[in-house]
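Residue numbers for the sequence shown, in my numbering: 21 to 137. Backbone N, C-alpha and C define an ideal beta-carbon position, used for all residues, glycine too. Nothing here was measured: the structure is a model prediction, and the numbers come from that model. Structure, as structure tokens:
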Amino acid sequence: GTIDADRCGLTVLDEHGDWWIAANLIRDVASLLGVETRPWDVWGAMREPGEAIPDDDLSLYDRLAALSVGGLSGGTPSAADLDALAELVAGDDRLRIPDEVFNATRGRVEPLPRMGG
């Protein structure tokens, strides 16, 4: 992108950068798929603060971002985009939404609360 990744995040908490953008993209995709997550829920490809994102993951994040906005900046994903996101998430261990996540605030693994459950 054209925005400095270090300008994105919670700079007052020193939580910013490409790792922060990528983790929140994964959380946003989960939300689009009907799974509500919390900012401190961590799983799969989410990195530690400041940890570099492997080059192999960059194209994955580009694909997630494009599908999550229907291919248009500020757009809305179509039903086909949501189906593609669901398939991508279900088929990739880096993205698959688990029943348990690491709660970064409490420093422990906890069940991921599910809507209606």
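For Glu68, the three-state secondary structure derived from DSSP is coil. Per DSSP, reduced to three states, the secondary structure at Asp38 is helical. Counting only unbroken stretches of 4 or more residues, the alpha helix (DSSP H) elements lying wholly within the stretch 41-117 are 75-88 and 99-110, in sequence order. One thing to note: Val121 has its Cβ within 8 angstroms of the Cβ of Leu132. Here Leu53 really is in contact with Val109; their C-beta atoms are around 6 angstroms apart, less than 8 angstroms.
Between the stretch 93-105 and the stretch 64-75, the count of Cβ pairs shorter than 8 angstroms is below three; the stretches do not touch.
Boundaries of the beta strand (DSSP E) around Pro131: Arg128 to Pro131.
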